[in-house]
Amino acid sequence: MADSPWAALTSVERDLMVCASEAWGILAYATNGKDEDGHAVDLPRIVLGLVDRGWVHVHRLEPWRAPDGQAGATYGPPIPRAEVPEVLKDPAVWDDPDDPDWIGAVTLSATETWRALNRQHGHTAE
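Per the numbering used here, the sequence shown starts with residue 2, numbered consecutively.
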C-alpha cells in the first residue's frame, strides 16, 4: 500500500520497526548497521528519529522470575528520550551480548501510535 507508514521508511528504519513490532526483537539482530547501498549508518540517530516520531520506545531487558521460579527477562520501563542518546552511544548495545540471557540488552517496542497507523492503513504484518 503506497501510503502505508512502511512505504516511507528506509531499509534500516524498516528493520528497526520489525524489531520493535516483534516480541523480543533484540537490536543486535535488527540490522547490520548498513543502508541499502552497504554504507554504514548512524543507528542511534535513526532510532532517535523513530522515538521522536512516537513510533518506538527504547528499553533494556531486565531480569524476571516466573511464578514457578524460572528465570527470564522482561522489558524494563521505556528509557526517557533525554537518556536514549547516551545509552545508544555505547556500541556494545548493538552487539550480541556475552550473556545469553540478554539482561541489560537494549531493544525496541512499537508504540500504540505505530500500531494505530498500521491498523489505519490495513497493515497486518506486526
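Each residue gets a CB set at the ideal place from its N, CA and C atoms; glycine is no exception.
Determine the direct distance from the alpha carbon of V107 to that of D16, and round the result to whole angstroms. 15 angstroms
State the CB to CB distance for the pair S110 and V57, rounded to an integer number of angstroms; the pair is presumed to be in contact (CB under 8 angstroms). 7 angstroms
If I follow the unbroken alpha helix (DSSP H) through V94, where does it start and stop? Note, V94: premise wrong, no alpha helix (DSSP H); not H, not E.
What residues in its chain sit with their C-beta under 8 angstroms from that of P79, if we drop five residues either side in the sequence? H58, V59, H60 and S110
Just verifying my parser: in three-state terms, what is the DSSP assignment at G50? helix
Hey, G34 and V42 are a contact pair by Cβ (cut 8 angstroms); roughly how many whole angstroms apart? 6 angstroms
Quick one, are the C-beta atoms of G70 and T112 less than 9 angstroms apart? no
Where does T112 sit, in a helix, a strand or coil, going by DSSP? coil
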